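Here the sequence shown is numbered in the working numbering, starting from 2 and rising by one per residue. Shown next, in structure tokens, is the structure this report addresses.
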Amino acid sequence: MSVAATDPAALDEVPAPAPAGRARLRFLRGGKTRTGLLILAFFALIAVIGPWIAPYDPDAMSDQLLQPPSADHWFGTTHTGQDVLSQILVGTRGVLLVGFIAGFLATVLSVLIGVSAGFLGGAADEILSMFSNVFLVIPGLPLIIIIASFVENTTDLVIASVIALTSWAWGSRVLRAQTLSLRRRDYVEAARATGESTWRIIIFEVMPNLTAVIASGFVGTVIFAILSEITLAFIGVADISHWNWGTVLFWAQSNQALAQGAWWWFVPAGLCIALLGTALALINFGIDEFVNPRLRTASGASRKVRMRVGFTPVARTGTPTQSGIPGTRSKEQSE
2 MSVAATDPAA
12 LDEVPAPAPA
22 GRARLRFLRG
32 GKTRTGLLIL
42 AFFALIAVIG
52 PWIAPYDPDA
62 MSDQLLQPPS
72 ADHWFGTTHT
82 GQDVLSQILV
92 GTRGVLLVGF
102 IAGFLATVLS
112 VLIGVSAGFL
122 GGAADEILSM
132 FSNVFLVIPG
142 LPLIIIIASF
152 VENTTDLVIA
162 SVIALTSWAW
172 GSRVLRAQTL
182 SLRRRDYVEA
192 ARATGESTWR
202 IIIFEVMPNL
212 TAVIASGFVG
222 TVIFAILSEI
232 TLAFIGVADI
242 SHWNWGTVLF
252 WAQSNQALAQ
262 GAWWWFVPAG
272 LCIALLGTAL
282 ALINFGIDEF
292 VNPRLRTASG
302 ASRKVRMRVG
312 FTPVARTGTP
322 TQSGIPGTRS
332 KEQSE
């Protein structure tokens, strides 16, 4: 039989409830979230100012062929004397642009279709769910390869749009399931009883409770879009004349940089991909911890229990039990 512990000697002092403003910023207090946001902010800054601070033109050739990192070329040069650092700086913008455009478009589609299907129900739910199931089985990467073979100029916007059209269905299914659990809550029924319109209830009553799920889906789609863009550039499907990290890896692989020992040609791009993916993953983990109390770390816990060795906390009743031990209750009294 387990009894709640009320002995102040067994429990730490319970802190007072946090103010409303601090509760809203709980998401930003996690170490994972702060680390991820700092790394993402760094890459976002590079994406904005990268072309301006690049020391050389990324397409400019020189007589310094396959030079290792030095004071003149911090990340070394390629087989034609191009500066690798300049290529990395200029290529950051395309990577983030595709990722965030695809994430935004996919999130908008998943919210419109998933929330509408879950809240409206009936025939609308059946039609929208069937629509989601169709797009759920469409492979994104082969579709982009087919489109790129027919379109002469495969721009970042085209690639981002195709990635978004093939990656919104999973988020839509998740939002539909969450909306089904919210549509019969008391506050929704109260808003419906007061005569609120359906779309006003969805926007002001249901959507605020789906914010964390939507944010998590957005971050996941951005990760998928970035990796897809880099993969397409690496296999030569995307426009290889437009610099991004995948293009750097494509030229390094095509010219056998690994066989020539030119590690500086591909390692910086690989590290940038790993760091950006880690940052987005940390943000996603922070969102999961914010939504699910079971995943929260000690920094987000509201109380801690400190147990003494050899001491079992029990509820004190103030009356002796049949066993004669004060502060405990017999099985018959507990029942």
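The beta carbon of each residue, even a glycine, is placed where N, CA and C say it ideally should be. Given the structure is predicted, the values throughout are model-derived calculations rather than measurements.
For I202, the uninterrupted alpha helix (DSSP H) segment begins and ends at T199 to I202. As DSSP reads the structure, D84 sits in a beta bridge with T78. Scanning its chain for C-beta atoms nearer than 7 Å, with the 5 sequence neighbours on each side dropped, one finds around N256 the residues H80, in chain order. The Cβ neighbour count for T78, taken over all protein chains shown within 10 Å, is at least 16; the residue is labelled buried. Here DSSP, grouped into helix, strand and coil, assigns Y188 to helix. In terms of Cα proximity to D240, the closest of A216, W266, G122 and F151 is F151.
Of A55, W171 and M208, the smallest CA-CA separation from V189 is found for M208. Residues of the same chain with a CB within less than 6 Å of the CB of S173, apart from the 5 flanking positions on each side, are S111, I114, G115 and S133 in chain order. With contacts defined as CB atoms closer than 7 Å, A107 and S168 qualify as a contacting pair. Here DSSP, grouped into helix, strand and coil, assigns P143 to helix.
Only residues of its own chain outside the window of five on either side were considered, and among them G77, T79, V85, A253 and A258 have a CB closer than 7 Å to the CB of W266, listed in chain order. The DSSP assignment places complete alpha helix (DSSP H) segments of no fewer than 4 residues inside the stretch 38-121 at 85-121, in order along the chain. Rounded to the nearest whole angstrom, the CA to CA distance from Y57 to I50 is 14 Å. For A178, the closest C-alpha among the options N285, G119 and V99 is that of G119. For A125 and I236, the gap between their C-alpha atoms comes out near 41 Å.
Beyond the five residues adjoining it in sequence on each side, I203 comes within less than 7 Å, by CB distance, of V116 and F120 in the same chain, given in chain order. V109 is not a Cβ neighbour of N245, given a cutoff of 7 Å.
Between A170 and F291, the alpha-carbon positions lie close to 24 Å from each other. Counting of Cβ neighbours within 10 angstroms places L272 among the exposed residues, the total staying below 16.
By a beta-carbon distance limit of 8 Å, I164 contacts A226. Their separation comes to about 5 Å.
If you ignore the 5 residues before and after G100, its C-beta comes within less than 6 Å of the C-beta of V223, A226 and I227, all in its own chain and listed in chain order. For secondary structure counted as the alpha helix (DSSP H) over 4 or more consecutive residues, the stretch 199-261 holds these complete runs in sequence order: 199-202, 212-235 and 246-255. Cβ-Cβ distances below 6 Å link A103 to A161, I164, A165 and A226 in the same chain, with the five nearest sequence neighbours on each side left out; the list follows chain order. Nearest neighbour of N285 by Cα position, chosen from I231, P69 and V220, turns out to be V220. Taking 8 Å as the upper bound for CB-CB distance, L183 and N210 are in contact here, some 6 Å apart. Counting C-beta atoms within 10 angstroms of its own C-beta, I54 has fewer than 16 neighbours from the protein chains shown and is therefore classed as exposed. For I146, same chain residues with a beta-carbon under 7 Å away, outside a window of 5 residues either side, are V238 in chain order.
Here T36 carries a helix assignment [DSSP, helix/strand/coil]. C-alpha of L137 to C-alpha of S130: approximately 10 Å in a straight line. If you compare the alpha carbons of G122, W264, Q261 and A42 with that of R185, the shortest gap goes to G122.
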